[in-house]
Amino acid sequence: MEMQMRQRDPWSARSIYYLAKTLVNQLKQGENYESLNPVVGIHLLGFDLFTDPSQALWCFELRDRRQHQVRLGQELQLHIVELFKADRLNPASASLSAWITFFQHSQEETRMNQVSNPSVQQAFERLKALSADEETQRLAFVRERALRLEEIFAEH
C-alpha cells in the first residue's frame, strides 16, 4: 500500500517495478512457481494520474489486448485510487467512501463525525492522538521541511 500526494518521478514505472519486485522476492532459486502468492498493490494518489474525469478507481492486471476478458494469471494487480476524483464521484462502496473521506477530510472533525465506519473512526481517533503528541508533531515538521527542501533542490 502506498499513498503519494505529489506526482514527482516516473510514478507508473516505479510502482510497477516495486510490485514486480515483491512478486520476484517470494521465491528462491529452484522453488516452485505454484507457491507464489498474488501481489496486490493499492495506491492512493493525491493527484490525478489519468485525464478521464469520470473514473477515479482503476485496477490493472495482465490481460490480452484484443480479448480483455482473458487474464494471464492472478499474480499481479495494481489498484489505484485518485483521491480528489474519488471524493467528488463518491464510489458505490460505503466502506471505500468512508476511507476516502478520511484521507481527504481528516482535518474536518464535523465531517469525520458523520462517518459511521468503525475502522475509519478508529483510524481518526488514532490520528487525533498522534496529532496531539508533541514529539510526533516535531517529527512531522522535520519531515515536511525536508520534503520542501528536496523540492527546491529538484527544481534547480
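Going by the working numbering, 45 is the number at position 51 of the sequence shown; the sequence numbering is gapless. Idealized CB from N, CA, C, for every residue including glycine.
Classify residue i as buried or exposed, calling it buried when 16 or more other Cβ atoms lie within 10 Å of its own Cβ.
i, result
"residue 48", "exposed"
"residue 136", "exposed"
"residue 9", "buried"
"residue 80", "buried"
"residue 118", "buried"
For residue i versus residue j, is the C-beta spacing smaller than 7 Å?
i, j, result
"residue -4", "residue 30", "no"
"residue 77", "residue 38", "yes"
"residue 71", "residue 41", "no"
"residue 92", "residue 111", "yes"
Can you name the start and end residues of the beta strand (DSSP E) that residue i belongs to?
i, result
"residue -3", "-4 to -2"
Which residue or residues does DSSP assign as beta-bridge partners of residue i?
i, result
"residue 36", "73"
"residue 52", "74"
Would you report the Cα separation of residue i and residue j, rounded to the nearest angstrom?
i, j, result
"residue 97", "residue 75", "11 Å"
"residue 34", "residue 13", "8 Å"
"residue 109", "residue 43", "27 Å"
"residue 6", "residue -2", "12 Å"
"residue 114", "residue 123", "14 Å"
"residue 95", "residue 103", "11 Å"
"residue 107", "residue 116", "11 Å"
"residue 127", "residue 101", "16 Å"
In the DSSP assignment, find the alpha helix (DSSP H) that holds residue i and state where it starts and stops.
i, result
"residue 27", "Premise fails: residue 27 is in no alpha helix (DSSP H) and is neither H nor E."
"residue 99", "88 to 99"
"residue 45", "Element bounds for residue 45: n/a, residue is neither H nor E."
"residue 110", "Residue 110 -> no alpha helix (DSSP H), and no H or E assigned at all."
"residue 18", "5 to 18"
Given 6 Å as the limit, tell me if residue i has its C-beta closer than that to any heavy atom belonging to the ligand NAP.
i, result
"residue 68", "In the structure shown, the ligand NAP is absent, as is every other ligand, since no ligand is present at all."
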